[in-house]
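Trainee: Chains as they are written, first to last, in the working numbering: chain A, 251 to 417; chain B, 251 to 417; chain C, 9 to 509; chain D, 9 to 509.
This is the structure, below, for whatever I ask next.
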Amino acid sequence: MSNEININDRNALVEVLSREGNKVRISIDGKKYDADVVMVEEGVYSILIDNKSHNIELTRTDNKNYMVNTYSKSFDVEIIDAESKYMKSRRQDDSHEEAVISSPMPGKIVKILVKVGDEVKAGDTVIIVSAMKMESEYKVKKDRVIKEIKVKVGDIIQANQPLVVIE
Amino acid sequence: MSNEININDRNALVEVLSREGNKVRISIDGKKYDADVVMVEEGVYSILIDNKSHNIELTRTDNKNYMVNTYSKSFDVEIIDAESKYMKSRRQDDSHEEAVISSPMPGKIVKILVKVGDEVKAGDTVIIVSAMKMESEYKVKKDRVIKEIKVKVGDIIQANQPLVVIE
Amino acid sequence: MIKKVLIANRGEIALRVMRSCREMGITTVAVFSESDRTSMHVRYADEAYFIGPSPSAESYLMIAKIINAARQSGADAIHPGYGFLSENAEFADRCQKEGIIFIGPSSYAIKTMGDKITARKTMVDAGIPVVPGSGVISDEKDALAKIKEIGLPVMVKASAGGGGKGMRLVNKEKDIVSSIRAAQSEARAAFGDDTIYIEKYIKSPHHIEFQILGDKYGNMIHLFERECSVQRRHQKVVEETPSPLMTPEIRKEMGECAVAAAKAVDYSGAGTIEFIVDDNLNYYFLEMNTRLQVEHPITERVVGVDLVKQQINIANGLELELKQEDICQYGHAIECRIYAEDPENNFMPSPGVIKHITEPLGLGVRHDGYVYEGFEIPIHYDPLISKLVVWAKTREEAIARMKRALYAYKITGVKTSISFLNRIMQTPDFVKGKYNTHFIEKNSEFLMFPDKHETKIEDVAIIAVYVDYLDRLNNLQMEVHSKNEKKNWKNCGRRLNFNRF
Amino acid sequence: MIKKVLIANRGEIALRVMRSCREMGITTVAVFSESDRTSMHVRYADEAYFIGPSPSAESYLMIAKIINAARQSGADAIHPGYGFLSENAEFADRCQKEGIIFIGPSSYAIKTMGDKITARKTMVDAGIPVVPGSGVISDEKDALAKIKEIGLPVMVKASAGGGGKGMRLVNKEKDIVSSIRAAQSEARAAFGDDTIYIEKYIKSPHHIEFQILGDKYGNMIHLFERECSVQRRHQKVVEETPSPLMTPEIRKEMGECAVAAAKAVDYSGAGTIEFIVDDNLNYYFLEMNTRLQVEHPITERVVGVDLVKQQINIANGLELELKQEDICQYGHAIECRIYAEDPENNFMPSPGVIKHITEPLGLGVRHDGYVYEGFEIPIHYDPLISKLVVWAKTREEAIARMKRALYAYKITGVKTSISFLNRIMQTPDFVKGKYNTHFIEKNSEFLMFPDKHETKIEDVAIIAVYVDYLDRLNNLQMEVHSKNEKKNWKNCGRRLNFNRF
């Protein structure tokens with residue numbers, strides 16, 4: 251079993267060479283590791299490699315994307331398979347697709363400063379989202395036209411949910 | 251929905267009168283409670299009754315038996331349905347059934363002092379189980395004959411697993 | 009004597025207050041909004057009352073609802089915690105009218121200290137040093153004249169301000185008018201009041217505050233200082249005591265000054281006098297917080313006093329048992345505030361469900377939190393998850409201990425400031441104790457990009473992810489398999505009958 | 009200077025030692041048996057070495073395996089914790105031979121104090137009071153003569169004894185011979201050595217121990233006492249300091265006596281002199297523990313010293329920085345040992361999987377544990393789950409705080425002593441500080457059947473159970489339903505193809 255895995259702008263080729271219980275022999279970009287890998291709690295792995303003890307905590311954001319906490323650092327890690335490769339190439343080709351304004355944090359819609367059809371200038375604030383006593387303003391980067399507004403004031407939104415569609 | 255529930259030598263008749271989300275109206279031996287019941291963590295319930303806040307922690311031992319921790323006390327609680335009633339009546343009738351020696355704690359078999367066919371006297375030690383640096387001796391209460399030995403020295407046993415069958 | 013206390017708050021501070029109540033044999037009453045039904049303060053309290061929808065303006069800030077819950081529960085006192093209604097003079101008054109003890113100072117003290125210009129005037133009258141500045145500014149001409157008098161740079165501040173809102177730094181003459189207008193408009197939007205004033209801007213300011221305790225008989229003591237200069241967006245992140253800046257002489261002077269300041273408003277209860285201190289140890293009264301502070305535990309640790317119990321005793325009308333001469337600082341304490349936020353993304357809030365938590369344990373560690381696995385941190389309130397407080401004999405050992413505690417503290421599900429705090433503990437300026445309120449800005453490069461590129465730890469992360477992915481894939485495929493079976497089979501089997509109740 | 013320490017232990021003590029190492033910048037090496045792969049000490053350490061099967065005789069007690077792991081890892085020192093090899097003179101010797109620092113006393117001190125008769129003789133020679141008694145008993149006649157001399161009641165004890173094994177109380181003359189035989193046979197079985205001796209039996213004995221610290225240059229101090237009289241089956245359950253029994257005069261005397269006792273064996277490192285004290289404050293040397301004690305944190309808290317760091321400094325050959333006159337007791341500390349056991353069933357061990365845990369937090373609470381949700385407490389080792397330590401200004405406040413902490417501490421999955429400990433905190437004899445080693449026996453009725461029959465709390469338990477039962481029934485029926493579908497469908501659908509790797 252092998253895959254490409256993306257971490258920190260690096261695409262690593264990963265292959266499981268053998269596995270017996272929690273002992274895994276794995277190759278990463280040609281470097282071989284003998285790892286003792288145990289999930290000790292839901293999403294928490296204890297890994298011993300050359301007797302070094304590592305604790306890795308995973309949060310899956312979807313089937314192929316993980317947020318990984320190590321002691322010193324956090325990483326976003328993505329498993330690349332045929333499907334995601336196709337999606338990626340498609341995304342790059344299609345530079346004219348409609349843009350969507352969204353918020354990386356969940357929160358509440360405080361204010362919507364535009365209506366459908368408005369022509370907005372680069373830097374104009376479109377929508378204000380509030381969470382945990384902090385308000386964040388979302389602006390357009392270029393001159394645009396407001397195509398669709400998918401939320402209303404007072405709505406509770408999820409992270410990365412489309413809020414306003416522009417074109 | 252109603253059942254008999256056994257707690258502390260008491261058989262209580264319990265009936266859910268209505269339920270909407272976490273708001274439950276329930277009758278116990280005729281006494282009516284309006285309870286706000288939420289499972290806040292796996293097996294942990296927060297219950298508000300007349301604005302009193304209760305925390306109840308459950309461990310299921312099987313489908314109908316629970317160990318319950320409240321702040322001040324622990325209880326063993328059993329849901330009685332038709333099947334368990336039948337089993338109970340059967341158990342009481344059948345006083346001559348074969349007896350089994352078992353240990354209420356998991357552990358390791360340290361010593362077996364009998365072999366199949368041995369006649370043992372009341373108070374004789376049959377088997378010694380060790381767990382967490384403590385040894386427990388299991389004895390017969392009456393004069394008996396050893397019918398079957400289901401474990402050997404060094405075996406790791408579960409709680410309540412049959413160890414020695416006597417008759 | 010107080011027998012039942014309603015805690016008009018949530019989160020870690022509600023729990024912290026309840027703990028002391030429990031030790032005193034006092035029954036605790038929680039109040040909770042819609043999104044707080046499963047919150048730990050509801051689970052921990054003896055009683056709990058629902059007070060409305062999640063937005064605090066409709067629940068925790070509604071005086072009538074809080075009073076109503078207090079009446080219903082028969083609470084004889086209310087502890088406001090910090091934030092929410094804790095510095096609301098109207099609430100303190102209302103409690104008094106209802107015959108409920110407000111565990112805090114008089115509404116007079118709240119009001120006087122709550123308005124910055126009145127507070128400033130009161131302090132000047134009491135002989136407390138304040139930052140050179142103006143009174144209320146009547147118009148732009150007035151402002152220009154005052155600024156000429158004080159000398160640039162200056163800060164333009166909103167009289168009703170707080171949390172950095174309605175504040176503008178003015179360095180150049182040409183920016184004066186625009187800054188004043190911006191401050192006024194921001195103040196109007198945030199507080200409904202555009203009154204502003206002007207203060208001399210202190211270039212390398214340290215925020216140092218003194219804890220005070222006063223009873224109802226005029227006895228007043230201070231419990232030494234807390235150094236609170238590590239801030240981001242005017243919000244404290246790390247606090248420590250003693251302050252590495254302090255000398256015994258200045259400490260004594262400032263302590264006496266803090267006591268005098270509190271006496272000037274006949275203060276009773278626990279309060280904090282905040283000072284701004286420059287590099288030459290000139291200190292100026294900044295403001296008074298007429299409530300318990302978030303960072304009160306570091307004081308509790310080095311002086312060995314439970315401040316909440318003191319608050320309750322004072323509210324009970326007891327005389328202060330502590331004398332100034334009995335209070336001393338023993339060892340060193342540091343607090344780190346763990347926020348649900350993303351330090352790598354401009355400290356953006358990160359509410360969500362706690363997937364997994366490992367709390368730090370052991371010698372010299374105090375942990376005041378409220379979240380648990382499966383709990384959803386609501387979007388409506390403060391992002392504070394917990395406060396990690398360590399104590400050690402020396403500052404150096406306390407820093408080592410804090411790093412050790414942060415190492416063991418793990419939370420997944422939401423982004424937190426844990427690793428950012430760890431980097432603060434390693435920043436040379438912090439280690440040397442040479443920092444002011446510009447610390448985070450000044451050290452942003454060290455704080456944000458601390459580690460060299462480490463292939464090894466990346467590889468370990470990859471191993472964990474890949475093993476997890478493959479194991480899940482296996483499970484998933486088995487599941488899909490069984491789902492397909494179900495789908496196809498839809499119409500050809502018997503169904504178990506069961507009653508929903 | 010020590011840079012890497014192998015901790016030859018597991019459980020809470022391994023973690024406790026690692027925490028101090030981490031604060032000192034020392035790399036930590038764990039060793040683990042088969043059932044400890046997922047144990048927290050393996051997860052917390054920098055490195056971890058597998059040392060064999062679960063029974064400790066095949067892993068944690070195997071000197072060769074520990075030494076081998078130390079060599080492989082390049083550890084320059086070994087910390088033995090308590091139990092296992094911590095009081096094994098051969099192990100200390102072996103470390104020395106291998107050029108690995110043993111963080112503990114010399115093998116001479118271990119050996120001398122490890123044999124009770126030699127220890128007794130050494131103490132008598134050093135002028136330390138010991139319980140009136142015999143040397144080694146040669147035969148039954150000798151025993152009878154010695155007992156006549158000492159006077160009944162007496163204790164018959166195994167020279168190699170410990171943990172209450174090979175001990176017999178003799179009240180009546182007619183029981184002497186049978187008791188001696190029983191003690192000998194038990195000692196032979198347990199220790200392979202049936203040497204016994206006889207001691208005067210102290211009727212209401214208090215176990216009070218003194219913590220000592222000595223460096224390699226003859227500097228020796230004590231860090232005051234710990235009261236350890238709350239015991240079940242000769243195992244400590246609750247400890248506190250200061251002892252409610254102590255007077256300043258006796259404390260000073262016993263402290264000096266403890267220092268003299270340790271000096272008599274040229275002790276270096278951390279150790280404990282255990283005394284037996286009667287109601288009239290006559291005290292007698294009982295034994296010396298030549299290692300860290302389970303209950304060391306209460307001393308750390310009231311004197312403000314990290315004992316593990318002191319051990320490491322001493323092992324590094326540093327001179328003691330602490331002077332006797334600098335050490336003082338500040339406030340009061342209590343430790344409760346949380347065991348995986350069933351107090352209502354003769355304290356039977358209760359190993360198993362931790363289903364859920366809520367740890368106590370807040371002011372004045374220290375928690376030293378090692379378990380986590382999903383961890384299986386193995387059957388092979390000690391049932392200690394964690395140690396809960398509280399500090400407060402007064403004993404009364406410390407008891408209130410302990411009750412508060414125990415209230416918040418919840419574990420399901422295994423039975424624990426938490427509620428039993430809570431009842432100890434409420435027992436009038438404990439509250440008054442009037443107790444000796446018979447405490448649990450004497451108060452068994454209060455401890456075991458504390459609560460009157462409360463229908464209300466039963467009803468709440470029933471509500472939780474019934475709601476859970478009904479919700480599970482619903483889920484279960486849906487599951488059964490889908491399983492039946494699967495079974496019947498077996499041969500008529502397509503299967504997803506997937507690779508197992």
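C-beta: ideal position from N, C-alpha, C; glycine also.
I need the DSSP call for residue 83(D), collapsed to helix, strand or coil.
Mentor: Looking at residue 83(D) - three-state DSSP - the assignment turns out to be coil, as it is neither helix nor strand.
Trainee: What number of angstroms, rounded off, separates the C-alpha of residue 329(A) from the C-alpha of residue 356(A)?
Mentor: Whole-angstrom Cα-Cα distance: 25 Å.
Trainee: Hey, could you find the ends of the alpha helix (DSSP H) residue 139(C) is sitting in?
Mentor: Segment: none, residue 139(C) is in no alpha helix (DSSP H) and carries neither H nor E.
Trainee: Would you tell me roughly how many angstroms separate the C-alpha atoms of residue 414(B) and residue 174(D), rounded to the nearest one?
Mentor: Cα to Cα, residue 414(B) sits roughly 30 Å from residue 174(D).
Trainee: With the cut-off set at 7 Å, would you say residue 381(A) and residue 387(C) are in Cβ contact?
Mentor: Cβ distance < 7 Å, so residue 381(A) and residue 387(C) count as in contact.
Trainee: Expressed to the nearest angstrom, what Euclidean distance is found between the alpha-carbon atoms of residue 142(D) and residue 205(D)?
Mentor: C-alpha separation (whole angstroms): 6 Å.
Trainee: Where does residue 134(D) fall in DSSP's three states?
Mentor: It is coil, neither helix nor strand.
Trainee: From this set, 303(D), 157(D), 332(D) and 30(D), which residue's C-alpha is nearest residue 346(D)'s C-alpha?
Mentor: Closest by alpha carbon: 303(D).
Trainee: If you drop the 5 nearest sequence neighbours on each side, which residues of the same chain put their C-beta closer than 8 Å to that of residue 402(A)?
Mentor: Excluding positions up to five away in sequence, the list reads 359 and 362.
Trainee: So for residue 356(A), helix, strand or coil by DSSP?
Mentor: Coil.
Trainee: Assess, as a yes-or-no matter, whether the stretch 195 to 202 of chain D is touched by the stretch 231 to 241 of chain D under the definition of 3 or more beta carbon pairs within less than 8 Å.
Mentor: Touching, no, given that fewer than three Cβ pairs across the two stretches are closer than 8 Å.
Trainee: Among 107(C), 111(C), 308(C) and 211(C), which residue has its Cα nearest to the Cα of residue 17(C)?
Mentor: When only C-alpha atoms are compared, the closest one is 111(C).
Trainee: Measuring CA to CA, which of 289(B), 298(B), 292(B) and 294(B) is closest to residue 50(C)?
Mentor: Among 289(B), 298(B), 292(B) and 294(B), the Cα nearest to that of residue 50(C) is on 298(B).
Trainee: Hey, does residue 225(D) have any beta-carbon neighbour from chain B nearer than 7 Å?
Mentor: It does not; no Cβ of chain B falls within 7 Å.
Trainee: Which full runs of the beta strand (DSSP E) of 3+ residues lie inside the stretch 202 to 246 of chain C, going along the chain?
Mentor: Counting whole runs of 3 or more residues, the stretch 202 to 246 of chain C contains the beta strand (DSSP E) stretches 204 to 208, 214 to 222 and 228 to 240.
Trainee: Does the beta carbon of residue 408(C) sit closer than 7 Å to a beta carbon anywhere in chain D?
Mentor: At least one chain D Cβ lies under 7 Å of residue 408(C).
Trainee: Taking a cut of 8 Å between CB atoms, which residues from the stretch 294 to 324 of chain B lie near chain C?
Mentor: Against chain C - using a Cβ distance shorter than 8 Å - the residues of the stretch 294 to 324 of chain B are 296, 298, 301, 302, 303 and 305.
Trainee: Return the residues of the stretch 363 to 384 of chain D that lie within a Cβ-Cβ distance of less than 8 Å from chain C, sorted by chain order.
Mentor: Those would be 366, 367, 369, 370, 371, 372, 373, 374, 375, 376, 377, 380 and 381, in chain order.
Trainee: Would you tell me roughly how many angstroms separate the C-alpha atoms of residue 291(A) and residue 349(B), rounded to the nearest one?
Mentor: Straight-line Cα distance between these residues: approximately 40 Å.
Trainee: Does DSSP put residue 68(C) in a helix, in a strand, or in coil?
Mentor: Coil at residue 68(C), not helix or strand.
Trainee: Which partner residues of residue 277(B) appear in the DSSP bridge assignment?
Mentor: Bridge partners of residue 277(B): 265(B) and 282(B).
Trainee: State the start and end residues of the unbroken beta strand (DSSP E) segment that holds residue 317(B).
Mentor: Unbroken beta strand (DSSP E) run through residue 317(B): 315 to 319.
Trainee: Could you check which residue in 360(C), 56(C) and 107(C) has the C-alpha nearest to that of residue 406(A)?
Mentor: The residue with the shortest Cα to Cα distance from residue 406(A) is 360(C).
Trainee: With 7 Å set as the bound, which would you pick, yes or no: does the beta-carbon of residue 30(C) sit closer than that to a beta-carbon of chain D?
Mentor: Yes, residue 30(C) counts as interfacial toward chain D.
Trainee: For residue 299(D) and residue 336(D), I'd like the C-alpha separation in whole angstroms.
Mentor: The alpha-carbon atoms of residue 299(D) and residue 336(D) are separated by roughly 22 Å.
Trainee: With the cut-off set at 7 Å, would you say residue 468(C) and residue 304(A) are in Cβ contact?
Mentor: A contact, by the Cβ cut-off of 7 Å.
Trainee: Smallest Cα separation from residue 23(D): which of 368(C), 473(C) and 418(C)?
Mentor: When each option's Cα is compared against that of residue 23(D), the closest is 368(C).
Trainee: Taking Cβ to Cβ, would you say residue 285(B) is nearer than 7 Å to residue 471(D)?
Mentor: It is a contact, given that the beta carbons lie within the stated cut-off.
Trainee: Going by DSSP, which residues form a beta bridge with residue 296(A)?
Mentor: Answer is 288(A) and 305(A).
Trainee: Measure the beta-carbon distance from residue 65(C) to residue 40(C) and round it to whole angstroms, keeping in mind my assumption that it falls under 8 Å.
Mentor: Actually they do not touch by this definition, with Cβ atoms about 15 Å apart.
Trainee: Go ahead and label residue 345(B) buried or exposed: buried means 16 or more other beta carbons lie within 10 angstroms of its beta carbon, across all protein chains shown.
Mentor: Note that residue 345(B) scores 49 on pLDDT, short of 50, meaning its location in the model is unreliable and no value can be drawn from it.
Trainee: Is there at least one Cβ from chain B nearer than 7 Å to residue 476(D)'s Cβ?
Mentor: It does; some Cβ of chain B falls within 7 Å.
Trainee: Which whole-angstrom value is the C-beta distance of residue 412(D) and residue 27(C), which I expect to be below 8 Å?
Mentor: Residue 412(D) to residue 27(C), Cβ: 6 Å. Contact.
Trainee: Taking all protein chains shown into account, do 16 or more other C-beta atoms lie within 10 angstroms of the C-beta of residue 72(D), making it buried, or fewer, making it exposed?
Mentor: Exposed, because fewer than 16 other Cβ atoms sit within 10 Å of the Cβ of residue 72(D).
Trainee: List the endpoints of the continuous alpha helix (DSSP H) containing residue 277(D).
Mentor: Looking at the DSSP string, residue 277(D) is not in any alpha helix (DSSP H); the run it does join, the beta strand (DSSP E), is 277 to 285.
Trainee: Does the Cβ-Cβ distance between residue 444(D) and residue 212(D) come in under 7 Å?
Mentor: In contact: residue 444(D) and residue 212(D) (Cβ atoms closer than 7 Å).
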